[in-house]
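Data block below; observations after.
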Amino acid sequence: MSALLSLRNLTVTIGDIEIVHGIDLDVARGETLALVGESGSGKSMTALALMGIPPRGAVVHADEMTFAGDKPPAVLRGDRLAMVFQEPMTALNPVFTIADQLMSVYRHHRSGGGARTRALHLLDRVGLPDSTGLMAKYPHQLSGGQRQRVLIAMALMCEPDLLIADEPTTALDVTTQVKLLDLLAGLQAELGLGMLFITHDLGVVARVSQRVSVMEQGCIVETGETGKVLRAPAHAYTQKLIASLPQPVIPAPRAAAEPVLEARGIGRVYRSSRWGKSHDFRALSDVSLTLEEGEILGVVGESGCGKSTLARILIGLDRPDEGNMRVAGQAANALSQKALAKLVQPVFQDPFGSLNPRWTIGRILDLPLRLHTDLSKTDRAARVVDLLTSVGLPKSSAAVLPRALSGGQRQRVAIARALAVEPRVIVCDEPTSALDVSVQATILALLRDLRLDRGLSLVFISHDLAVIENLCDRVLVMHQGRVVEEGAADRIFADPRHAHTRALKDAILRIEPADAPMKEG
Amino acid sequence: MLRHGGFMIGGGVLVLLVLVAVFAPLLAPHDPFAQSLALRIKPPFWHEASVAGHPLGTDQLGRDYLSRLIYGTRISLAVGFGAVLISGIIGITLGVVAGYFGGWVDTCIGALITTRLSLPVVLVALAVVAVVGGSLTVVLLVIGLLLWDQFAVVARTATQQLRHAEFVASARAMGASRMHVMCREILPNIRAPLTVVATVEMANAVLIEAALSFLGLGVQAPLPSWGLMLSEGKNFMFFNPWVITLPGLCLFVLALSINLLGDGLRDVQEGGR
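Line by line, the protein sequences give chains A and B.
The first sequence begins at 1 in the working numbering and counts up by one.
The second sequence begins at 1001 in the working numbering and counts up by one.
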C-alpha cells in the first residue's frame, strides 16, 4: 500500500506554547488510522494543521507534510482531501438548502455539469431516503444524524482520496453513532479511501480503525495495529486509558430498604400557543419510579426521551402536570422549594456552567450552608474544608474561581455542593458526559465511595449504558417520554426485553468482547 | 488592564477631570461669577490682545473663562454620573426582572421599554423643562428618567441568556430566593455589558445637558455650564471663535474619554473571561 499522507515532525505553536510536539503520521490508501486522545491532547490541532486551516496565531512547522508523495495537503483540501467536523448543528450553513451546499463544493473544484446527479447519488449512498425531496430542505429541517450524513456526502462530492473525520459522531445519540460509524467504515472500504479518524473514544477506535495512534499532551506515545494496541498496550498512558473504560460491575446484593423517593404516574405536557392555536408537547407520560435508601437507580435514554425533564421534576425545578411524588415519606407538592432542597440535591451535566463564574469555590459551597444551617461563619468555613476533603480536593481550592479548576475538579465541587445540605437523594443529570474518560472513571469511583460512606441514594441519568452498567443497582430505560423497561441492572443487561433497550445495548462500543463482569466488594 | 491604551487614556483623562471638578475652588484663578465689564471679551494668552491674569480670556461679561470652564466640569460630571445612577437603577431593575420572570411581566416591561423608545429624548426633556422650569436638579432628573432604555434592553437580554444556566438552576434547587438569584447569581455576571452601556449613556447625558443648556432650557445662568457658555458665546463667535471652541473642546474631551474608557472596559472584560 502506498502512503497517501505522510507527516514528519509536525509542530504547532501558539505564542510561546508548543501544542503539538513533533509528531509523525502515515495514512495509506484504503486504511483507517485512528488518532485517539483526551481533550487538550492536540489531536484537533493536528487535523486543522493538516488541512492548512490552523487557528489564528498558530505557527505550523513540519519537516515533511505531503499528500500522495508530492504536494502539501492544504493545496488539495476540499478536492482530494476532505474533512467531516464534529458539530452537525453548526457545520452546515443554515440559510442555504442541502442542494446548494452539496453542489457548491463540486462546482468549486470541478468544471462542467453533473453536480446534481452526483449529489443525489451520494445522498442515496449515505443512506438518506428520498434524496430528491431532501435536496430542497434546509439544515434545520433535518435531525443531527441526518445532518452528519449530509456532511459526509458533502465531503465525498469530489471523490477525495483522504477523509479526515474529527469526532464525527460525538454529538450524536449512541444508536445513531453506531449506524454512522458502520456507514463510514463501509464507504471507506468500498471507495478505497484513506481515513484519519480523530476521536476520544476507544470503543469507536475498535469499531472503525485498522491502526491507531495514541496522543497525549501533544505527543504520539504509541502507534500500532488497533487490535494489538488495545489488547496489549505498551505505553503507560494507553494502559491508563483502557483501564478507565467503565467495566460492567455486578451489583452487590442489597437488602430491601425503605423507599426514599417515590414517583407515581408523572406526566408533563409543555403547552405553547401561537395565533390562538395551542400546541402540546408531551415530554413525560406515566413515569413511575421508586428509589430505595442507599440505592443507585440509573435512568437511561437518548436525547429527547424526557430524562432531563424527569430530573428537573425530581429536584423541584419543574412541576408535573400529572401524578405525584413523595420524598422521605412527605408529599413533594406540600414541601417548599427550600424544604425539598434539604432532601434532594442536583448535580448537573456541564461542569463549566453549573458554578457561578464570579464566585470563589468557598463562597459557592458556603451558600447552601448559609441557607440551610445556622452555623457561625467560622463553623461554615470549617465545613467547607470538610466538604472539599470529602470529594478529594485540596482545601486551598476554596479561594479560587471556578475557571482555575479543570472539568473534573469542577464536577467534584458540584458534588460537594450537593452534599453540603446532607440530602437524602442526589439526582445526577449526565454528570460525566462532558468529561474525559479517565476523569469520568474517578468521578464514578467518588460517587461509589460516597454511597458506601454516607448511604446516599442516587438517581443517575445518562445516555451511556456502559456507565450505567458500571454504577447502578437498578435501571429504568426511557423512550419518547415513557418508561419502556425497568429492572435490576444485571437482568437488564443480560436479558433486555424491550426492542429499544436491545438497541441501546448493541450501541455500547467495547474494545473487545466483554470480560466476565467484576464482582463488587 | 493596564496595557490597554484606550482604557488608560480614557480613564486617566476622566480621573483628571474628576479631580479638577473636586478641587475647582483651589484650581480656579478667579471667582467664576465675578464680572468686570472693563475686561469684556479678552482673548486667550496666545493672542497679542490678551490680558495678564486671564490665561483663557474673558466672556462678554468680563468673567474669567478658565475659571468658568473649571467650574463647568462640576456640572457636566454631576449630570453624567447622576443621570447614569438614576437610569441605571431603573433600567437594570426592569431589565433583570423582565428577563428573569418572562411571560406577562416581560410583556408589560417590554411595552414600557417600547413606549420609552418612542419618545424622542431631547424633545421630551425640552417639554418637561419648559413646563417645570430649568434648573440643574430638574435637568438631572429628566435625563436620568429618560436614559434607562438601553440598560433595560441589555439587562433583559443578558438575563434571558443566563436564566437557564445550570448555576442558576443549582441556586434555585438549593432553595435560594428569587431575590438572591437575581441580585447575587445573575447581576455579577451581566456586569460587563452594563458598564459599557453606563459609559455610553454617561457621555450621552453630558451632551444632552449641554444641548438643553445651549437651547436655554437647561442649567440657568449664571451657572457655568459648558452648553450655556456655548450658547452665550454664539453671538460673538465670528470675531472671537475661542468663546465657543474652548467649551466645545472640553465637551469633546470629556465625551471621548468616557467612550474610550467604556471601550477599554469592554475589551478588558471580554479578554478576562
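Each residue gets a CB set at the ideal place from its N, CA and C atoms; glycine is no exception.
Just so you know, these numbers come straight off a predicted model, no measurement behind them.
query: Does the beta carbon of residue 367 of chain A sit closer than 9 Å to a beta carbon anywhere in chain B?
result: Here residue 367 of chain A refers to the residue found at position 367 when the first sequence is read from its first residue. With 9 Å as the cut-off, residue 367 of chain A counts as an interface residue toward chain B.
Rounded separation between residue 303 of chain A and residue 504 of chain A - CA only: Taking the first residue of the first sequence as 1, we reach residue 303 of chain A at position 303. Taking the first residue of the first sequence as 1, we reach residue 504 of chain A at position 504. Cα to Cα, residue 303 of chain A sits roughly 12 Å from residue 504 of chain A.
message: Taking a contact to mean a Cβ-Cβ separation below 9 Å, would you say residue 1209 of chain B touches residue 1219 of chain B in this structure?
response: As a working note, residue 1209 of chain B is residue 209 in the second sequence. As a working note, residue 1219 of chain B is residue 219 in the second sequence. The answer is yes: Cβ separation under 9 Å.
- request: Consider the Cβ of residue 1174 of chain B: report whether some Cβ of chain A lies at a distance smaller than 9 Å.
  value: One-based indexing of the second sequence puts residue 1174 of chain B at position 174. Yes, residue 1174 of chain B lies at the interface with chain A (some Cβ there is under 9 Å from its Cβ).
query: At which residue ranges does the stretch 45 to 118 of chain A contain complete alpha helix (DSSP H) runs of 4 or more residues, listed in the order of the chain?
result: 98 to 109
task: State whether the stretch 1096 to 1106 of chain B contacts the stretch 1150 to 1158 of chain B, with contact taken as three or more CB pairs (one from each stretch) at a distance under 8 Å.
output: yes
- request: With 8 Å as the C-beta to C-beta threshold (strictly closer), list the residues of the stretch 315 to 332 of chain A near chain B in chain order.
  value: 315, 316, 317
field: CA-to-CA distance, residue 249 of chain A to residue 518 of chain A, given in whole angstroms
entry: Position 518 of the first sequence holds residue 518 of chain A. Position 249 of the first sequence holds residue 249 of chain A. With a pLDDT of 48 at residue 518 of chain A, under the threshold of 50, the modelled position of that residue is not reliable, and no figure is offered here.
- prompt: Helix, strand or coil for residue 479 of chain A per DSSP?
  reply: As a first step, residue 479 of chain A is located in the first sequence; it is residue number 479 there, counting from the start. Of the three classes helix, strand and coil, the one that applies to residue 479 of chain A here is strand, per DSSP.
query: When you compare only the Cα positions, how much space is there between residue 10 of chain A and residue 108 of chain A?
result: To locate residue 10 of chain A, count along the first sequence from 1; it is residue 10. To locate residue 108 of chain A, count along the first sequence from 1; it is residue 108. Using only the alpha carbons, I get a separation of about 29 Å.
message: Assuming contact is defined by CB atoms lying nearer than 9 Å, are residue 193 of chain A and residue 187 of chain A in contact in what I supplied?
response: In the first sequence, counting from the first residue as 1, residue 193 of chain A sits at position 193. In the first sequence, counting from the first residue as 1, residue 187 of chain A sits at position 187. Yes, the pair counts as a contact, with Cβ atoms nearer than the cut-off.
message: Measuring alpha carbon to alpha carbon, tell me which residue in A:388, A:42, A:76 is nearest residue 60 of chain A.
response: Along the first sequence, one-based indexing puts residue 60 of chain A at 60. Of the listed residues, the one whose Cα sits closest to residue 60 of chain A is A:42.
task: Quick one: give me the first and last residue of the beta strand (DSSP E) that residue 279 of chain A is part of.
output: Counted from its first residue, the first sequence places residue 279 of chain A at position 279. Segment 277 to 292, the beta strand (DSSP E) holding residue 279 of chain A.
message: As a quick exercise: from B:1062, B:1165, B:1217, pick the residue whose alpha carbon is nearest that of residue 1182 of chain B.
response: Position 182 of the second sequence holds residue 1182 of chain B. Among B:1062, B:1165, B:1217, the Cα nearest to that of residue 1182 of chain B is on B:1165.
- prompt: Name the residues in the stretch 345 to 358 of chain A whose C-beta lies less than 8 Å from a C-beta of chain B; which are they?
  reply: 345, 346, 348, 349, 350, 353, 354, 355, 356, 357, 358
message: DSSP three-state label for residue 1198 of chain B, please.
response: Within the second sequence, numbered from 1, the residue matching residue 1198 of chain B stands at position 198. Three-state DSSP puts residue 1198 of chain B in a helix.
message: Any C-beta of chain A within less than 7 Å: which residues of the stretch 1156 to 1167 of chain B qualify?
response: 1165, 1166, 1167
Paired residues, beta bridge with residue 1174 of chain B - DSSP: To locate residue 1174 of chain B, count along the second sequence from 1; it is residue 174. Residue 1174 of chain B is not bridged to any residue.
query: How big is the Cα-Cα spacing for residue 1224 of chain B and residue 1073 of chain B?
result: Counting from one through the second sequence, the residue named residue 1224 of chain B turns up at place 224. Counting from one through the second sequence, the residue named residue 1073 of chain B turns up at place 73. When rounded, the distance between both Cα atoms is 9 Å.
- prompt: Which same chain residues, not among the five before or five after residue 216 of chain A, have their C-beta less than 7 Å away from its C-beta?
  reply: The residue you call residue 216 of chain A lines up with position 216 of the first sequence. Contacts found: 37, 41, 237.
field: Residue environment, residue 1087 of chain B, which counts as buried when at least 16 other CB atoms sit within 10 Å
entry: Here the question's residue 1087 of chain B lines up with position 87 in the second sequence. The residue is buried, with at least 16 neighbouring Cβ atoms inside 10 Å.
- prompt: Any Cβ of chain B within less than 9 Å of the Cβ of residue 395 of chain A?
  reply: Counted from its first residue, the first sequence places residue 395 of chain A at position 395. No - not a single Cβ of chain B is within 9 Å of the one on residue 395 of chain A.
field: Three-pair Cβ contact test at 8 Å for the stretch 1056 to 1064 of chain B versus the stretch 1026 to 1044 of chain B
entry: yes
task: Would you kindly check if the distance between the Cβ of residue 388 of chain A and the Cβ of residue 425 of chain A is under 9 Å?
output: Residue 425 of chain A sits at position 425 when you count from the first residue of the first sequence. Residue 388 of chain A sits at position 388 when you count from the first residue of the first sequence. Going by C-beta atoms, residue 425 of chain A is not nearer than 9 Å to residue 388 of chain A.
- request: Spell out whether any CB of chain B is found under 9 Å from the CB atom of residue 307 of chain A.
  value: Position 307 of the first sequence, counted from the start, is the residue given in the question as residue 307 of chain A. Chain B contact via Cβ: absent.
- prompt: At a Cβ threshold of 9 Å, is residue 412 of chain A touching chain B?
  reply: Sequence index remark: in the first sequence, residue 412 of chain A carries index 412 (1-based). No, because no Cβ of chain B sits closer than 9 Å to the Cβ of residue 412 of chain A.
query: Helix, strand or coil: how does DSSP classify residue 304 of chain A here?
result: Locating residue 304 of chain A in the first sequence gives position 304, counting from the first residue. Coil at residue 304 of chain A, not helix or strand.
query: Taking the alpha-carbon positions, what's the residue 407 of chain A to residue 1103 of chain B distance?
result: The sequence position of residue 407 of chain A within the first sequence is 407, counting from 1. The sequence position of residue 1103 of chain B within the second sequence is 103, counting from 1. Cα-Cα distance, rounded: 35 Å.
field: Local Cβ density within 10 Å of residue 53 of chain A, reported as buried at 16 or more and exposed below that
entry: Locating residue 53 of chain A in the first sequence gives position 53, where the first residue counts as 1. Exposed, by the Cβ-count rule.
field: Beta-carbon spacing of residue 315 of chain A, residue 351 of chain A below 9 Å
entry: Residue 315 of chain A sits at position 315 when you count from the first residue of the first sequence. Residue 351 of chain A sits at position 351 when you count from the first residue of the first sequence. Their beta carbons are not under 9 Å apart, which means residue 315 of chain A does not touch residue 351 of chain A by this criterion.
Whole-Å CB distance - residue 444 of chain A paired with residue 471 of chain A, under 8 Å assumed: Locating residue 444 of chain A in the first sequence gives position 444, counting from the first residue. Locating residue 471 of chain A in the first sequence gives position 471, counting from the first residue. The Cβ separation is near 6 Å, so the contact holds.
message: Is it buried or exposed, residue 366 of chain A, if we count other Cβ atoms within 10 angstroms and call 16 or more buried?
response: Residue numbering aside, residue 366 of chain A sits at position 366 when the first sequence is read from its first letter. Result: buried.
field: alpha helix (DSSP H) segments (min. 4 residues) lying fully within the stretch 1137 to 1167 of chain B
entry: 1149 to 1163
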